[in-house]
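Going by our numbering, the sequence shown opens with residue 3, and the numbers climb by one from there.
Cβ atoms here follow ideal geometry from the backbone N, Cα and C, with glycine treated the same way.
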Amino acid sequence: MWSKNKFEKRFLRFITGAALLLLFFLLRKGPLKDWLLSYLFNAYTNGILDQYLASNHYIRYPVRYFKKEFKSNILFDYLLYPTMSLFINKITYGNRPFVIVIKVCLVTTSMLLVELWAEKNTNLIRWGRGWDWKHTLFGLTAKSLLNRSIIAAIRAASSKPASLTKR
Numbered sequence: 003m004w005s006k007n008k009f010e011k012r013f014l015r016f017i018t019g020a021a022l023l024l025l026f027f028l029l030r031k032g033p034l035k036d037w038l039l040s041y042l043f044n045a046y047t048n049g050i051l052d053q054y055l056a057s058n059h060y061i062r063y064p065v066r067y068f069k070k071e072f073k074s075n076i077l078f079d080y081l082l083y084p085t086m087s088l089f090i091n092k093i094t095y096g097n098r099p100f101v102i103v104i105k106v107c108l109v110t111t112s113m114l115l116v117e118l119w120a121e122k123n124t125n126l127i128r129w130g131r132g133w134d135w136k137h138t139l140f141g142l143t144a145k146s147l148l149n150r151s152i153i154a155a156i157r158a159a160s161s162k163p164a165s166l167t168k169r
């Protein structure tokens, strides 16, 4: 039987491979500039927020990549959640606001379910200092909607009226 840490390390490797594969397929079609902007904005803000949460002991990651260098979860901050954010942007591309909110809630609830499983059954994540599933769900949903809104605003600002582009 595997030791707990061995299972968790294999699980991290599996999630890394799955996220890289999904990222490859997500970046293949569509407006690459928008997708890269979405990915990079999400990764940058994740790093800042998670560093704060981990440093103040709201969340701990006992088993993680680069344990000595970072308190935060590099896999989630810079690969997994930005990839899911990109997925959200792709599945909501061209949708009305109500549909966007519904789709974001479905994706973030799915992410929460995985985190709940990991918190209860593994040593990948531990909640502390009053943190619970409601904070995770609200944080993921709000940040995903904010990311989606910022990309939509950039997209709208960069598009030019047809009369100015035709000559």
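{"Item": "Who pairs with Arg62 in a beta bridge, going by DSSP?", "Value": "Arg128"}
{"Item": "By the DSSP assignment, the alpha helix (DSSP H) with Asp134 in it spans what residues?", "Value": "Where Asp134 is concerned, there is no enclosing alpha helix (DSSP H), given that its DSSP letter is neither H nor E."}
{"Item": "Let me make sure I understand the geometry here. Which of Thr85, Ala144, Ala56, Ile90 has the alpha-carbon closest to that of Glu71?", "Value": "Ala56"}
{"Item": "Locate the alpha helix (DSSP H) running through Pro99, then write down its first and last residues.", "Value": "99 to 123"}
{"Item": "With a cut-off of 8 Å on the beta carbons, I'd call Leu24 and Thr85 a contact; round off their distance for me.", "Value": "6 Å"}
{"Item": "Among residues of its own chain, excluding the 5 on either side of Pro64, which ones have a beta-carbon nearer than 6 Å to its beta-carbon?", "Value": "Asn125"}
{"Item": "Hey, Phe68 and Ile76: beta-carbon distance below 8 Å or not?", "Value": "yes"}
{"Item": "What does a CB cutoff of less than 8 Å around Val106 pick up in its chain, not counting 5 residues either side in sequence?", "Value": "Ile90, Thr94, Thr143, Ser146, Leu147, Arg150"}
{"Item": "Which of the three DSSP states, helix, strand or coil, is assigned to Pro33?", "Value": "coil"}
{"Item": "Counting only the same chain and skipping the five closest in sequence on each side, list residues whose C-beta sits under 8 Å from that of Leu28.", "Value": "Trp37, Thr85, Leu88, Phe89, Lys92"}
{"Item": "Between the C-alpha atoms of Leu39 and Ala45, what's the straight-line distance to the nearest angstrom?", "Value": "10 Å"}
{"Item": "Within this structure, are the beta carbons of Asn48 and Asp79 separated by less than 8 Å?", "Value": "yes"}
{"Item": "Take the Cβ of Ile127 as the centre, count every other Cβ of all protein chains shown within 10 Å, and call the residue buried at 16 or more, exposed below.", "Value": "buried"}
{"Item": "Excluding the five sequence neighbours on either side, which residues of its own chain have a C-beta within less than 6 Å of the C-beta of Phe116, listed in chain order?", "Value": "As written in the sequence, residue 116 is Val, which differs from the Phe given in the question. The answer is none, since no qualifying residue turns up."}
{"Item": "Using a Cβ-Cβ cutoff of less than 7 Å, which residues in the same chain neighbour Phe135 once the five nearest sequence positions on both sides are dropped?", "Value": "Per the sequence presented here, residue 135 reads as Trp, with Phe not at that position. Cβ neighbours of Trp135 beyond the five flanking positions: Leu114, Leu118."}
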